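Take a look at the structure set out below.
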């Protein structure tokens, strides 16, 4: 019997009882709201995304509403979600969707892949969750669940491999269950089969988990180091962007200089923001969000 038939029923039953009540999962959630949520949720926990997503959807309920704004407004209202280039990608998506797709998020998976900043995972997620397509949705949580439950490994490889894609495709149920299966496995990884402290006693497939049945062999790949933040260029960029977000207009250079003492690092971070399109310098030497 294929693994999908063994895992499908317990995972779907668990999800029906334990799924979080999230606004982008409601029956009336628009494809645009789902696309926004998927971009925001990349490397960012739900608890941080919820208030920003809610504000965005109130302010920009359609792609056209966001497309009318300058890109700097997307960066401003991105808040402290991190990786702010995602805000620029969403703004660019809004403009392409408005200009080339009649203001409607395309349902076709291949077309989704052509949108700015949309990669393999996001295209599959939107096609699945917004349009009920049958796609393998492989985020970090899904990859970890499949690595443990099916492959018997504590962690998946650092980057998605062809073998993982083949495995995920082989586990896909029929069209009716595929979208629910995708989000259910994702939820299982987020809530139970977590990276550092899996709650195996609460897992609906604990009796089938190859990793547990093998005695939970430890990970043998390269050391998995947590990301540092304090003192990094990322933190410096965040401080500089915070000044620009709070300003109504451009700010002088000294307003940026005071937020970070290390001058070479500060200049490097500022140059990076400009190169990434997250900030711009005006002819008078002042700085602002992109207009």
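Residue numbers (the UniProt record's numbering): 1 to 291. We put the CB at the ideal spot given by N, CA and C, even for glycine. For clarity, every value in this text was computed on a predicted model and none was experimentally measured.
Quiz item: Nearest CA to the CA of residue 81: which residue from 50, 189, 208, 200?
Solution: Taking the chain shown and counting its residues from 1, the one referred to as residue 81 is at position 81. When only C-alpha atoms are compared, the closest one is 50.
Self-check item: For residue 175: DSSP bridge partner residues
Solution: Within the chain shown, residue 175 is the residue found at index 175, counting from 1. According to DSSP, which records beta bridges pairwise, residue 175 is partnered with nothing at all.
Practice problem: Starting from residue 215, follow the alpha helix (DSSP H) in both directions and report where the run begins and ends. | Solution: Mapped onto the chain shown, residue 215 falls at position 215. Neither: residue 215 is in no alpha helix (DSSP H) and is coded neither H nor E.
Practice problem: Between the Cα of residue 141 and those of 183, 126, 256, 170, spot the shortest distance and give me the residue it belongs to. | Solution: Residue mapping note: residue 141 aligns to position 141 of the chain shown, counting from 1. For residue 141, the closest of 183, 126, 256, 170 by C-alpha to C-alpha distance is 183.
Quiz prompt | 7 Å CB neighbourhood of residue 268 in its chain, flanking five on each side removed | solution = Residue mapping note: residue 268 aligns to position 268 of the chain shown, counting from 1. Cβ within range, chain order: 233.
Quiz item: Which same chain residues, not among the five before or five after residue 3, have their C-beta less than 7 Å away from its C-beta?
Solution: Numbered from its first residue, the chain shown carries residue 3 at position 3. Only weak support exists for where residue 3 lies, its pLDDT of 46 falling under 50; the coordinates are left without a value.
Exercise. Compute the distance between the beta-carbons of residue 138 and residue 14, then report whether it is under 8 Å.
Key: Along the chain shown, one-based indexing puts residue 138 at 138. Along the chain shown, one-based indexing puts residue 14 at 14. Contact flag unset, no.
Quiz item: For residue 107, which option in 159, 236, 34 has the closest C-alpha, if you only look at C-alpha atoms?
Solution: Translated into positions along the chain shown, residue 107 becomes position 107. Of 159, 236, 34, the residue nearest in Cα terms is 34.
Quiz item: Taking 7 Å as the cut-off, does the CB of residue 220 come closer than this to any heavy atom belonging to the ligand NAP?
Solution: Judged by which ligands are present, the structure shown has none, so any question about the ligand NAP falls away.
Quiz prompt | Reduced DSSP category for residue 137 - H, G, I as helix; E, B as strand; rest coil | solution = Locating residue 137 in the chain shown gives position 137, counting from the first residue. If DSSP states are grouped into helix, strand and coil, residue 137 belongs with coil.
Quiz item: Ends of the alpha helix (DSSP H) at residue 235?
Solution: In the chain shown, the residue the question calls residue 235 occupies position 235. 233–246 is the extent of the alpha helix (DSSP H) around residue 235.
Practice problem: Please report how far the alpha carbon of residue 164 lies from the alpha carbon of residue 276, in whole angstroms. | Solution: In the chain shown, counting from the first residue as 1, residue 164 sits at position 164. In the chain shown, counting from the first residue as 1, residue 276 sits at position 276. Their backbone Cα atoms lie some 32 Å apart in a straight line.
Practice problem: Tell me the start and end of each unbroken alpha helix (DSSP H) in the UniProt domain "HhH-GPD" (40–191) that is at least 4 residues and wholly inside, in chain order. | Solution: 46–59, 63–67, 71–76, 85–100, 109–112, 120–129, 140–149, 162–170, 178–191
Practice problem: Let me know the secondary structure DSSP gives residue 251 once reduced to three states. | Solution: Position 251 of the chain shown, counting from 1, holds the residue named residue 251. Reduced to three states, the DSSP call for residue 251 is strand.
Exercise. Would you list the residues sitting across from residue 288 in a DSSP beta bridge?
Key: If you number the chain shown from 1, residue 288 lands on position 288. Residue 288 is bridged by DSSP to 280.
Exercise. Measure the CB-CB distance between residue 280 and residue 264 and report whether it falls below 8 Å.
Key: As a position in the chain shown, residue 280 is number 280, starting the count at 1. As a position in the chain shown, residue 264 is number 264, starting the count at 1. No. Outside cutoff.
Exercise. Write down the C-beta distance between residue 179 and residue 128 rounded to the nearest angstrom, noting that I regard them as a contact closer than 8 Å.
Key: Indexing the chain shown from 1 puts residue 179 at position 179. Indexing the chain shown from 1 puts residue 128 at position 128. Indeed they touch by this definition, with Cβ atoms about 5 Å apart.
Quiz prompt | Same chain, Cβ closer than 7 Å to residue 159, five either side skipped, listed in chain order | solution = Position 159 of the chain shown, counted from the first residue, corresponds to residue 159. Closer than 7 Å at the Cβ level, and outside the excluded window around residue 159, lies no residue.
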